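Trainee: Respectively, the protein sequence lines represent chains E and B. Position 110 (the first sequence) corresponds to 110 in the numbering used here; numbering is contiguous. Every number in the numbering used here is 1000 more than the matching position in the second sequence, counting from 1. Ideal placement from N, C-alpha and C gives every residue a C-beta, glycine not left out. All of these numbers come straight from a predicted model, not from anything done at the bench.
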Amino acid sequence: MRAARVIRHSLSMMGRYKLRTAFMMVGSIVGVAALTLVISGGQAAERKTLQTVSRMFGDSAIMIVDGGGHFMGGPRGTGTRLKIDDIDAIATELPGVESWDPQQGLGTGSVRRGDQAVDARVTGESERSEQVWNRRASRGEYFDAAAVKAADRVAVIGETVARKLFPDEDPLGGEIQIGSVPFRVIGVLEAWGTDPHGMDRDDEVIVPITTLMRRVTNVDTIASARLVIRDAKTADRMRPEIRSILRQRHGLAAGEPDDFTIITPDQVQAMVGQIRKVLFLYLPMVAGISLLVGAMVSAILMLVSVHERTGEIGLKRALGAGAGDIGLQFLIETAATTLAGGAIGIALGYAGARAAASHMHLGKVEFLTAVLLGVTASTVVGLLAGLIPAMRAARLHPIDALR
Amino acid sequence: MIELRKIGRTYRRPSGEAVEALCDVSLNIRRGEFLAIAGSSGSGKTTLMNILGLLDSPDEGSYRLDGQDVAGIGTKQQARMRNRRIGFVFQSFHLLPRTSALENVEVPLLYSGRSSIRGLGRKALEAVQLGDRIHHRPSELSGGQQQRVAIARALVNEPDLLLADEPTGNLDRRSALDVMAIFQALNRAGRTIVVVTHDGEIAAHCNRIARMEGGRIVSDEPVAQPKNALEAVQ
Chain E
1 MRAARVIRHS
11 LSMMGRYKLR
21 TAFMMVGSIV
31 GVAALTLVIS
41 GGQAAERKTL
51 QTVSRMFGDS
61 AIMIVDGGGH
71 FMGGPRGTGT
81 RLKIDDIDAI
91 ATELPGVESW
101 DPQQGLGTGS
111 VRRGDQAVDA
121 RVTGESERSE
131 QVWNRRASRG
141 EYFDAAAVKA
151 ADRVAVIGET
161 VARKLFPDED
171 PLGGEIQIGS
181 VPFRVIGVLE
191 AWGTDPHGMD
201 RDDEVIVPIT
211 TLMRRVTNVD
221 TIASARLVIR
231 DAKTADRMRP
241 EIRSILRQRH
251 GLAAGEPDDF
261 TIITPDQVQA
271 MVGQIRKVLF
281 LYLPMVAGIS
291 LLVGAMVSAI
301 LMLVSVHERT
311 GEIGLKRALG
321 AGAGDIGLQF
331 LIETAATTLA
341 GGAIGIALGY
351 AGARAAASHM
361 HLGKVEFLTA
371 VLLGVTASTV
381 VGLLAGLIPA
391 MRAARLHPID
401 ALR
Chain B
1001 MIELRKIGRT
1011 YRRPSGEAVE
1021 ALCDVSLNIR
1031 RGEFLAIAGS
1041 SGSGKTTLMN
1051 ILGLLDSPDE
1061 GSYRLDGQDV
1071 AGIGTKQQAR
1081 MRNRRIGFVF
1091 QSFHLLPRTS
1101 ALENVEVPLL
1111 YSGRSSIRGL
1121 GRKALEAVQL
1131 GDRIHHRPSE
1141 LSGGQQQRVA
1151 IARALVNEPD
1161 LLLADEPTGN
1171 LDRRSALDVM
1181 AIFQALNRAG
1191 RTIVVVTHDG
1201 EIAAHCNRIA
1211 RMEGGRIVSD
1221 EPVAQPKNAL
1231 EAVQ
């Protein structure tokens, strides 16, 4: 009864000091919004990243990239030594390799049809890319080994390219031009959507690597190759074998650096681990700091409030309020402001995460996570910010406070 | 009702210097008395008032309230006694700003543990002729009206002891007499009232005057013919 009256009184007092109340809320709004945004946004980003990584690398694939240096950061020399024969030799010598696909790209190039032109990523691959990358043609068909061997001018195009160049027509059998070279469209790739970097994976044209190298880029080296191996556990053991084959074939003397890079599933796992660390350790740490700062702002404002309301505290003590009643009043004030601020923070953080996720095509953001986090965070803020001022207010001696 | 025996209270200044605010103060106050504690500032009268009101504790001597030695009771119990048995009126009113007269009067009820407080605040305000001002805020009331709100607040829990520290210090003569008239009426109705004042004119409305100097009571005499505040107003 008494506590209920004190709580009601505290809440109505807060309503009378709207500016002070609003300032105290700001601390928890900012802190909670930051944490909610980072965690729920991070969750969506993680899911999307893992999806993309597993599609690109899989569990049992080794990537060989032209040029030495370090994977993930560090300079990488522009090597121009990696050839199809190198990969062929690896596949022949190492029985663990199930399948492989070389890649050479044009990067983004202009793809035309008549007077229509679009920019799309143009990649040359082997007929095995269908299995190696696990990406099939949803309409028409993929080019076959004969087409690669004969360097046929055929192309498989992504949905986006198909939509742009053949808005109202069936693209199958149609003709497109890459550079000045005409290609016949024989298939449309299954849609992959947009990746976390905002790259439209359907804005793509795949042609036989032989055709691309001979007719478009005019080089005899490849950019990279993906090896699918039979047993993921053997990937790390195959690494030195692949390395020695390539070094030997490239005629590298001892001491000379590699002019290629081998990426194994373990390294991909390490990369995923690093991404996870950023998403779930560093970003939340930053958000946690902003939460802490928010809590401190609220606590300081509350302390100032206790100080300037010394007279009120003394009066209430004289009128019969116990130390507990005073402590309760200030605890309620902080709890109410931080929780209300937290609710606003959750809404802002969630809206922010939704906006960011849709901008970066991350998919959906879990609302429940955002709410649970926000509530926890604002409770933490409330406790941090409320306890010390409440204790200080409760400890004031009535006559000192009345003076 | 109140028995003070050889009360002493010494403060320590931040500099470490000791100040003897009260020394060897003995005082009996019977139920139904209207006592003025008079003296210049620094004479120890406010310290005495704080001790009477259980806001401060003496270093020496004993204080019995209705036969109970208050030295033995805890701060929680003291707060409860302040709430139920003592009403306070201060020189500077001490009303909560931005809060209506009614809500101000109801503050002691928050801590009273009563099961129902409905109507008590309004009744207390009506008793000080402010029944038509219950929703006014302090800033919308005159000084005299504010002090009457404070008196209503002091009375709302129906305590039998009313302690007023320079209750007329911030008021004009007319409002001061209004306040004294209310006190006299309350006293006639049986309430024990102690007023601290440095103003002999105000003290002359009480039934007994205890004068203080340097922390001691130097004289303690009944007033033969107390002035009537109500008549003076009219």
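#1: Which residues bound the alpha helix (DSSP H) around Pro-1108/B?
#2: If you draw a straight line from the alpha carbon of Asp-119/E to that of Lys-83/E, how long is it in whole angstroms?
#3: At the level of alpha carbons, what is the spacing between Ser-1026/B and Pro-1058/B?
#4: Would you mind sorting Phe-367/E into buried or exposed? The rule is 16 or more other CB atoms within 10 Å of its CB.
#5: Mind pulling the chain B residues with CB within less than 7 Å of Ile-326/E?
#6: Can you tell me whether Gly-341/E is buried or exposed? The criterion is at least 16 other CB atoms within 10 Å of its CB, across all chains shown.
#7: Check the Cβ of Met-1/E against every Cβ in chain B and list those closer than 9 Å, keeping chain order.
#8: Check each candidate in Phe-1090/B, Glu-1231/B and Thr-1046/B and name the one with the smallest Cα separation from Gln-1147/B.
#9: Per DSSP, which one or two residues make a beta bridge with Gly-363/E?
#10: Just how far apart, CA to CA, sit Glu-1221/B and Met-25/E?
#11: On the three-state DSSP scale, how would you describe Arg-2/E?
#12: Taking Asn-1050/B as the query, report the chain E residues whose CB atoms sit under 9 Å from its CB, ordered along the chain.
#13: Cβ of Ala-1021/B less than 8 Å from any chain E Cβ?
#14: Run the CB neighbour count on Tyr-142/E, radius 10 Å, all protein chains shown included, and call it buried at 16 or more, exposed below.
#15: Report the rounded CA-to-CA distance for Ile-87/E versus Ile-262/E, giving the unit in angstroms.
#16: Out of curiosity, what's the CA-to-CA distance linking Arg-2/E and Leu-1096/B?
#17: By DSSP's criteria, Glu-1221/B is part of a beta bridge. Which residues make up the other side?
#18: With 9 Å as the C-beta to C-beta threshold (strictly closer), list the residues of the stretch 296–315 of chain E near chain B in chain order.
#19: Buried or exposed: Gln-1225/B, going by 16 or more other Cβ atoms within 10 Å of its Cβ?
#20: Mark Lys-48/E as exposed unless 16 or more other C-beta atoms lie within 10 angstroms of its C-beta, in which case mark it buried.
#21: Bridge partners of Pro-1097/B, per DSSP?
#22: Assign Pro-240/E to one of two classes, buried (16 or more other C-beta atoms within 10 Å of its C-beta) or exposed (fewer than that).
#23: In the DSSP assignment, the alpha helix (DSSP H) including Ala-286/E goes from what residue to what residue?
#24: Determine contact between the stretch 376–385 of chain E and the stretch 291–305 of chain E, defined as no fewer than three beta-carbon pairs at a distance below 8 Å.
#25: Do you know whose CA, among Val-181/E, Gln-116/E and Ala-377/E, lies nearest Gly-288/E's CA?
#26: As a quick exercise: from Glu-98/E, Lys-149/E and Arg-184/E, pick the residue whose alpha carbon is nearest that of Gln-131/E.
#27: Thinking C-alpha only, which one of Ala-370/E, Ala-353/E, Val-371/E and Thr-369/E is nearest Gly-363/E?
#28: Could you tell me which residues DSSP puts in a beta bridge with Asp-101/E?
#29: State buried or exposed for His-307/E, treating a residue as buried only when at least 16 other CB atoms are found within 10 Å of its CB.
#30: Following the continuous alpha helix (DSSP H) through Gln-1077/B, name the residue where it begins and the one where it ends.
#31: Could you pull out every residue in the same chain whose Cβ sits closer than 6 Å to the Cβ of Arg-1064/B, ignoring the five residues on either side in sequence?
#32: If you drop the 5 nearest sequence neighbours on each side, which residues of the same chain put their C-beta closer than 7 Å to that of Thr-310/E?
#33: Does any CB atom of chain B fall closer than 8 Å to the CB of His-9/E?
#34: So, helix, strand or coil for Gly-1016/B, using DSSP?
#35: With 8 Å as the C-beta to C-beta threshold (strictly closer), list the residues of the stretch 1099–1112 of chain B near chain E in chain order.
#36: Could you tell me which residues DSSP puts in a beta bridge with Gln-116/E?
Mentor: By the coordinates alone:
#1: For Pro-1108/B, the enclosing alpha helix (DSSP H) has its first and last residue at 1101–1110.
#2: Answer to the nearest angstrom: the Cα atoms are 27 Å apart.
#3: Distance between the alpha carbons of Ser-1026/B and Pro-1058/B: 12 Å.
#4: Only exposed fits Phe-367/E, as fewer than 16 other CB atoms lie within 10 angstroms of its CB.
#5: Here the premise fails: no neighbours, minimum Cβ distance about 10 Å.
#6: Flag for Gly-341/E reads buried.
#7: Within 9 Å Cβ-Cβ: Gly-1113, Arg-1114 and Ser-1115.
#8: Of the residues Phe-1090/B, Glu-1231/B and Thr-1046/B, the one whose Cα lies closest to the Cα of Gln-1147/B is Phe-1090/B.
#9: According to DSSP, Gly-363/E bridges with nothing at all.
#10: The alpha-carbon of Glu-1221/B is positioned some 59 Å away from that of Met-25/E.
#11: In the structure shown, Arg-2/E sits in a helix (DSSP, three-state: H, G or I).
#12: Near Asn-1050/B (Cβ distances below 9 Å), the residues of chain E are Pro-398, Ile-399 and Leu-402.
#13: By the rule that beta-carbons nearer than 8 Å mark a contact, Ala-1021/B does not touch chain E.
#14: By the 10 Å Cβ count, Tyr-142/E comes out buried.
#15: Approximately 12 Å between the Cα atoms of the pair.
#16: Cα to Cα, the separation comes out at about 19 Å.
#17: Note: Glu-1221/B sits in a beta bridge opposite Ile-1209/B.
#18: The residues in question are Gly-311, Glu-312, Gly-314 and Leu-315.
#19: The residue in question, Gln-1225/B, is exposed, as its Cβ has fewer than 16 Cβ neighbours within 10 Å.
#20: That one is buried.
#21: Paired residues: none, contrary to the question.
#22: Pro-240/E should be labelled exposed.
#23: Per the sequence presented here, residue 286/E reads as Val, with Ala not at that position. Val-286/E: member of the alpha helix (DSSP H) spanning 283–308, first to last residue.
#24: Output reads yes: the stretch 291–305 of chain E touches the stretch 376–385 of chain E.
#25: Looking at the Cα atoms, Ala-377/E is the closest of the given residues.
#26: The option with the nearest alpha carbon to Gln-131/E is Glu-98/E.
#27: When only C-alpha atoms are compared, the closest one is Ala-353/E.
#28: BP columns for Asp-101/E point to Arg-226/E.
#29: It is exposed - the Cβ of His-307/E has fewer than 16 other Cβ atoms within 10 Å.
#30: Annotation: the continuous alpha helix (DSSP H) that includes Gln-1077/B extends over 1075–1085.
#31: For Arg-1064/B, where only same-chain residues beyond five positions count, the Cβ hits under 6 Å are Glu-1003.
#32: Taking Thr-310/E as the centre and dropping the five residues before and after it, the same chain places the C-beta of Leu-396 and Ala-401 closer than 7 Å to its C-beta, in chain order.
#33: Interface with chain B (8 Å Cβ-Cβ cutoff): His-9/E is included.
#34: Here Gly-1016/B sits in coil by DSSP.
#35: Flagged, chain order: Thr-1099, Glu-1103, Val-1107, Pro-1108, Leu-1109, Leu-1110, Tyr-1111 and Ser-1112.
#36: For Gln-116/E, DSSP records a beta bridge to Arg-113/E.
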